[in-house]
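Heads up, the thing below is written out as structure tokens.
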Amino acid sequence: MSTEGVIYRVAGPVVTATGISPKMYDVVHVGNEKLMGEVIKIVGEYSIIQVYEDTDNVKPGEPVTNTGKPLSVELGPGLLESVYDGIQRPLPVLRDKMGDFIYRGVSAPGLDHEKKWDFEPTVKEGDTVSQGQIIGIVQEGPMEHKIMVPIGLNGKVDSIKAGSYTIDDTVAVIDGTDVCMVQYWPVRNPRPVEEKYQPDIPLVTGLRVLDTMFPLAKGGAAAIPGAFGTGKTVTQQSLAKYSDAEIVVYIGCGERGNEMTEVLTEFPELEDPRTGMKLMKRTVLIANTSNMPVAAREASVYTGMTIAEYFRDMGYNVALMADSTSRWAEAMREISSRLEEMPGEEGYPAYLAGRLSEFYERAARAKVLSGGDGSVSVIGAVSPPGGDLSEPVTQNTLRIVRVFWALDTKLRERRHFPTINWLTSYTMYDKQLLDWFKANVAEDYPALKAWAMKTLQKEAELQDVVQMVGSDSLPDEQKITLEVAKMIREIFLQQNAYDPVDCYCPLSRQYKMLTLIKKYSDLSEKALQAGAPVDKIAYLPVRTRFNQAKYEPKVDEELEAVDKDMDQQFAELGA
Amino acid sequence: MAKTAQISKEYKTVSQIAGPLIYVKKTEPVGYKEMVNIRLTDGTTRRGQVLDSSDEVVVVQVFEGTSGIDRDASVRFLGETMKMPVSKDMLGRILSGSGQPLDGGAPIVPEKELEINGAAINPWARDSPSDFIQTGISTIDGMNTLVRGQKLPIFSASGLPHNEIALQIARQAKVRGENEEFAVVFIAMGITNEEKQMFMKEFERTGALKNAVVFLNLADDPAVERTLTPRLGLTTAEYMAFDLGMQVLVIMTDITNYCEALRQIGAAREEVPGRRGYPGYMYTDLAQLYERAGRIKGKKGSITQIPILSMPGGDITHPIPDLSGYITEGQIVLSMDLHRNGIYPPVNVSSSLSRLMGGGTGEGRTREDHKGVSDQLYAAYAEGKDLRGLVAIVGKESLSAKDRKLLDFADLFEDRFVRQGPEEDRSIEETLDLGWELFTALDLDQITRISRKYIEKYMPKKA
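Sequence lines, in order, name chains A and B.
Letter by letter, the first sequence follows residues 1 to 575 in my numbering.
Letter by letter, the second sequence follows residues 1001 to 1463 in my numbering.
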């Protein structure tokens, strides 16, 4: 089998080579500058390669080398806090090597091979270990990076020793095989687990509309489709910042450069509201912006997913954000059209649905090979052209995911943030999560939530009437319903991602706020029966205080005060 | 403005000519995107670029079109990709869409030659856009703030005064509190001769030309050239921003014409079309223009872009505004309704947005109450506008007192806040104070978006 060949044809990111006999998805180096590419089609003696870098001025006749290996990532200590492009080249290293702009032909390993890490074994000589089992621990910032037996290796530990090692040094010998801290894994293959579970624990995000109304389970997948300007990215970033996952993998796939900068400048500053440690310490970022090579964009989601799975295998809960899966699909479309493949719907390749489901299926909560439980929850942003949800990427995504957070342009125009539409969004994890919420928040929490949803639904119906005849002609009870629904919207659903207090709302406070709104509703009804005028009931001064309470530094005390004010002011109404 | 031909082999092996493409059989290897000179039998030359290169045949896209080319034309490959000469002396010059002087002045003496496609800024090297740029237009400064390094397009439609607004911004834009070097790169694509006259006159009348480089690709210039013009302009902008340390504002008009050219070329290449016949790679192609805006850590300069596009049929879901909106950081949408009501600038704030506003506003940048004021203006105006629909059915009498206030607020907002003169340059303080003045028309409990301490501090006391 020959590994050296020549370029036959160059057409944009698609290069055809002859003289090599590769396997599908083997990584090859193309041209004098050794540009990295991947074999995506084999036709007779011709190998068709997608190149991850710009191919300007690459000529037929230049050499091509087959590495014989599929596209893989390096997994090991040093992943956390890293910022990669779509094929795991660290962007800070690229900047050191070639300056502020990304030129081609520069390779850089994903991990630092010089740095030494303190390795602490957790098994001893003579122990029998199996693939995926934890054999030692490296403290990486605030996280314990667990070193696992490579997949496919089982046997007796011949030797293992604590000490300071680089990732290439041998830390143990298992069944005669040297084991070091770095592992390689092909990105397009899912990493194995012992057993996948039915998800029944919510991913708590601190966003009221998500946690209370449309919760996502750990190990589940959610889609956020929305037209541009509806706040997909802000929502994604809030989730990355505040969700209760131990590890965050954030993939900026074909999105704006300035947005990635925002993430890159904010995450190192942000503190996790629960642990107080810096968010960046437990984050891996992948930034392949829209003007970076399109083939690397295609690879970026797989690179991110493989890293996420690696941390899951240590027993961590990982949240993976992909922003945006539409750009990924477009990259597939672009490459497919260069290959002159038969197009499916809207020019997307016919295998679009298959690729999307393969990707989302890698989300799971599972018993991992190391013995514990770990999860990868996937939150994929979808950017439907023209906000039209019937387009292929959205439709194929909705067939797979079980949570749908619909972002709404109308709400954005009203500056109602987050712009998640409460009437069109849904979650199918409701029932599975019911017991957890009852046990961990309050017995009546699900009932309270149902009440709120019903009130909002009623409001939508009443609004139709109001549009026709005006609100004055409604009966008093319905006027109160409208006011209560308004409170749910303005106080509960609206949440300011930029406010230091309101940006994260613990479940206990979510419960308290909703309880207070329900109380206002109940007291209003009583007051109305006692004969109090509806204008008075609807505009009690406590409402202004309630509106503002979530921004107060001592918000929980403030909510107690609102509670007292409410009692007092309703009492004064003579109800 | 590509470099003149070097000594290299000439081929007389044109095998096929189709649309803007010629197919050349050749012997030596030719690079992808390599520049090409084509000499016609009548002695004239044209330029082109390699689109597809293989051992047997090379496909060349001819910039000036293929009319008059026959199989006897001779083709010379130049061995390099397209480069352009740049220099500080370009300020004050008016150039054609392919970079040749149009103003009768001397050719540009290059200080440097740069690849026109540019390279992607390493996201790690980017600095976050956070310096407020004051445009003097209330609807932009107050509610859709522009910051340095941002790309904020104007979504317009035929018949709306987007060019006047672009010129007003080019004239009034400033970074406050600092004495920075400002330059404007003005890129016109597919504009009519009349528009060209208007721009040139305005640039000269206001003296803005001395700090500007103007590229003009006219409606009757070849489509392929139209796809190069913005790249020439942006290469110039990058040189000025990152080599010379200037604050560069790039105004590109009209992106719609650019996209039409892309579609035309794509169709000629017989590519599989995406939505509405536009090429599937249009997102990536537009991104390669828009993403050249930004700031770089450790560098003084910046590139801020205001691309202008006219939405075909006023449809914001059309692929051109749609894909642009996904790449740019917000949009300023102009409205025909406001325009018909005689309001200039006819900015529809409800559908406009600046994503980077958060980083450029607030205490120390503009004023502490900025976000609150902006949110409240948006909310009250949206409610007031909704009520207009209702009033049309049930009449104003059946509204509650509070609703009537909101209704009046919407009118007041359009008349006082949105409307301003083409020469009227409002500072951010004037804009915010104007907002507070409008709030006096509302009841205190209708102001829900601003924290109490700012209400106490800034709300004008009623007499």
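Cβ atoms here follow ideal geometry from the backbone N, Cα and C, with glycine treated the same way.
All figures in this text were calculated on a predicted structure; none of them were measured in a lab.
Practice task
Please decide whether LEU389 (chain A) counts as near chain B, where near means a Cβ-Cβ distance under 8 Å.
Solution key: As a first step, residue 389 (chain A) must be located in the first sequence, where it is residue number 389. Chain B contact via Cβ: absent.
Exercise for the section: Express the C-alpha separation of ALA1173 (chain B) and ASN1211 (chain B) in angstroms, rounding to a whole number. Expected result: Along the second sequence, read from residue 1 onward, the residue named residue 1211 (chain B) stands at position 211. Along the second sequence, read from residue 1 onward, the residue named residue 1173 (chain B) stands at position 173. Spanning the two alpha carbons is a distance of roughly 13 Å.
Practice task
Return helix, strand or coil for LEU216 (chain A), following the three-state DSSP convention.
Solution key: The residue you call residue 216 (chain A) lines up with position 216 of the first sequence. If DSSP states are grouped into helix, strand and coil, LEU216 (chain A) belongs with coil.
Problem - Under the three-state DSSP convention, the category MET1252 (chain B) falls into - result: As a working note, residue 1252 (chain B) is residue 252 in the second sequence. Strand, per DSSP.
Problem - Where GLY1372 (chain B) falls, given that 16 or more other Cβ within 10 Å makes a residue buried - result: Position 372 of the second sequence, counted from the first residue, corresponds to residue 1372 (chain B). It counts as buried.
Handout entry: Cβ of GLY206 (chain A) within 8 Å of any chain B Cβ
Key = Looking up residue 206 (chain A) in the first sequence gives position 206. No, its Cβ sits nowhere closer than 8 Å to a Cβ of chain B.
Practice task
On a CA-only basis, which of A:GLU74, A:PRO225, A:GLU53 is nearest PRO150 (chain A)? Give me that one, please.
Solution key: Counting from 1 along the first sequence, the entry for residue 150 (chain A) is found at position 150. It is A:GLU74 whose Cα lies nearest to the Cα of PRO150 (chain A).
Exercise for the section: Taking LYS1083 (chain B) as the reference, give the member of A:TYR84, A:PRO90, A:ASN57 with the closest Cα. Expected result: As a position in the second sequence, residue 1083 (chain B) is number 83, starting the count at 1. Ranking the options by Cα distance to LYS1083 (chain B), first place goes to A:ASN57.
Practice task
Give a yes or no on whether 8 Å exceeds the smallest Cβ distance from PHE228 (chain A) to chain B.
Solution key: As a first step, residue 228 (chain A) must be located in the first sequence, where it is residue number 228. Yes, contact with chain B.
Practice task
Consider the Cβ of ARG1171 (chain B): report whether some Cβ of chain A lies at a distance smaller than 8 Å.
Solution key: On the second sequence, position 171 is the one that residue 1171 (chain B) refers to. Closer than 8 Å: no.
Practice task
Would you decide whether SER508 (chain A) is buried or exposed? Buried here means 16 or more other CB atoms lie within 10 Å of its CB.
Solution key: Residue numbering aside, residue 508 (chain A) sits at position 508 when the first sequence is read from its first letter. Classification for SER508 (chain A): exposed.
Exercise for the section: With 8 Å as the threshold, decide whether the Cβ of VAL301 (chain A) is near any Cβ in chain B. Expected result: Here residue 301 (chain A) refers to the residue found at position 301 of the first sequence. VAL301 (chain A) does not count as touching chain B.
Practice task
Could you please give the first and the last residue of the uninterrupted alpha helix (DSSP H) stretch that includes VAL1373 (chain B)?
Solution key: Along the second sequence, read from residue 1 onward, the residue named residue 1373 (chain B) stands at position 373. First-last of the alpha helix (DSSP H) with VAL1373 (chain B): 1370-1394.
Exercise for the section: Following the continuous beta strand (DSSP E) through LEU474 (chain A), name the residue where it begins and the one where it ends. Expected result: The residue given as residue 474 (chain A) occupies position 474 in the first sequence. Counting along the chain, LEU474 (chain A) falls outside any beta strand (DSSP E), and DSSP gives it neither H nor E.
Handout entry: Under 8 Å (Cβ pairs) to chain A, residues found in the segment 1137-1149 of chain B
Key = GLY1149
Practice task
Flag ILE1455 (chain B) as yes if its beta-carbon sits less than 8 Å from any beta-carbon of chain A, otherwise no.
Solution key: In the second sequence, counting from the first residue as 1, residue 1455 (chain B) sits at position 455. No, because no Cβ of chain A sits closer than 8 Å to the Cβ of ILE1455 (chain B).
Exercise for the section: Report, in whole angstroms, the separation of the C-beta atoms of SER1354 (chain B) and LEU1146 (chain B), which I expect to be a contact under 8 Å. Expected result: Taking the second sequence and counting its residues from 1, the one referred to as residue 1354 (chain B) is at position 354. Taking the second sequence and counting its residues from 1, the one referred to as residue 1146 (chain B) is at position 146. Contact flag correct, Cβ pair sits at about 6 Å.
Practice task
Just list the alpha helix (DSSP H) runs in the segment 1177-1206 of chain B, keeping only unbroken ones of 4 residues or longer that don't cross its boundaries, in chain order.
Solution key: 1193-1205
Problem - Beta-carbon proximity of LEU71 (chain A) to ALA363 (chain A), cut-off 8 Å - result: For the purposes of this step, residue 71 (chain A) is identified with residue 71 of the first sequence, where counting begins at 1. For the purposes of this step, residue 363 (chain A) is identified with residue 363 of the first sequence, where counting begins at 1. Taking 8 Å as the Cβ cut-off, LEU71 (chain A) and ALA363 (chain A) do not qualify as a contacting pair.
Handout entry: Beta-bridge partners of MET1084 (chain B), as assigned by DSSP
Key = Along the second sequence, read from residue 1 onward, the residue named residue 1084 (chain B) stands at position 84. In the DSSP output, where bridge partners are listed per residue, MET1084 (chain B) has B:LEU1114.
Handout entry: Outcome for LYS1012 (chain B) when other beta-carbon atoms lying within 10 angstroms are tallied against a minimum of 16
Key = Translated into the one-based positions of the second sequence, residue 1012 (chain B) becomes position 12. LYS1012 (chain B) should be labelled exposed.
Practice task
Report yes or no: is there a C-beta of chain B within less than 8 Å of the C-beta of ARG489 (chain A)?
Solution key: Translated into positions along the first sequence, residue 489 (chain A) becomes position 489. Not an interface residue.
Problem - Where the alpha helix (DSSP H) containing PHE359 (chain A) begins and where it ends - result: As a first step, residue 359 (chain A) is located in the first sequence; it is residue number 359 there, counting from the start. Segment 352-360, the alpha helix (DSSP H) holding PHE359 (chain A).
Exercise for the section: Could you have a look at SER290 (chain A) and say whether DSSP puts it in helix, strand or coil? Expected result: Residue mapping note: residue 290 (chain A) aligns to position 290 of the first sequence, counting from 1. It is coil, neither helix nor strand.
Handout entry: chain A residues whose Cβ lies nearer than 8 Å to that of SER1350 (chain B)
Key = Position 350 of the second sequence, counted from the first residue, corresponds to residue 1350 (chain B). Per Cβ cutoff of 8 Å: GLU413.
Problem - Residue environment, GLN1006 (chain B), which counts as buried when at least 16 other CB atoms sit within 10 Å - result: Translated into positions along the second sequence, residue 1006 (chain B) becomes position 6. Its pLDDT being 47, under 50, GLN1006 (chain B) is placed unreliably in this model, and the value from its coordinates should be taken loosely. The residue is exposed, with fewer than 16 neighbouring Cβ atoms inside 10 Å.
Problem - Touching by the beta-carbon criterion (3+ pairs, under 8 Å), the segment 1257-1267 of chain B and the segment 1234-1247 of chain B - result: no
Exercise for the section: Could you list which residues in chain A have their beta carbon closer than 9 Å to that of THR1317 (chain B), in chain order? Expected result: Locating residue 1317 (chain B) in the second sequence gives position 317, counting from the first residue. Per Cβ cutoff of 9 Å: ALA227, PRO385, GLY386, GLY387, ASP388.
Handout entry: the segment 334-360 of chain A: positions lying closer than 7 Å to chain B by Cβ
Key = GLU334, SER337, PRO343, GLU346, GLY347
Practice task
Name the residue from A:ALA17, A:GLY37, A:VAL555 whose alpha carbon lies nearest to the alpha carbon of PRO293 (chain A).
Solution key: The count along the first sequence starts at 1 and reaches residue 293 (chain A) at position 293. Here the closest residue by C-alpha is A:GLY37.
Handout entry: Within chain B, the residues that ILE603 (chain A) reaches when beta carbons sit closer than 8 Å
Key = The requested residue 603 (chain A) is not part of the displayed model; chain A covers only 1 to 575.
Exercise for the section: Look up GLU1329 (chain B) in the DSSP assignment and say whether it is helix, strand or coil. Expected result: The count along the second sequence starts at 1 and reaches residue 1329 (chain B) at position 329. It is coil, neither helix nor strand.
Handout entry: Cβ pair count under 8 Å reaching 3, the segment 211-231 of chain A against the segment 247-264 of chain A
Key = no
Exercise for the section: Have a look at THR515 (chain A) and VAL179 (chain A) and give me their C-alpha separation to the nearest angstrom. Expected result: Within the first sequence, the letter at position 515 stands for residue 515 (chain A). Within the first sequence, the letter at position 179 stands for residue 179 (chain A). Each residue's Cα considered, the two are about 56 Å apart.
Practice task
Taking ALA538 (chain A) and GLU483 (chain A) to be in contact with their CB atoms under 8 Å, please state how far apart those CB atoms are, rounded to whole angstroms.
Solution key: Against the first sequence, residue 538 (chain A) aligns to sequence position 538. Against the first sequence, residue 483 (chain A) aligns to sequence position 483. Right, the Cβ-Cβ distance comes to about 5 Å (below 8 Å), so this counts as a contact.
Handout entry: Three-way DSSP call (helix, strand, coil) for SER524 (chain A) in this model
Key = Position 524 of the first sequence holds residue 524 (chain A). Helix at SER524 (chain A).
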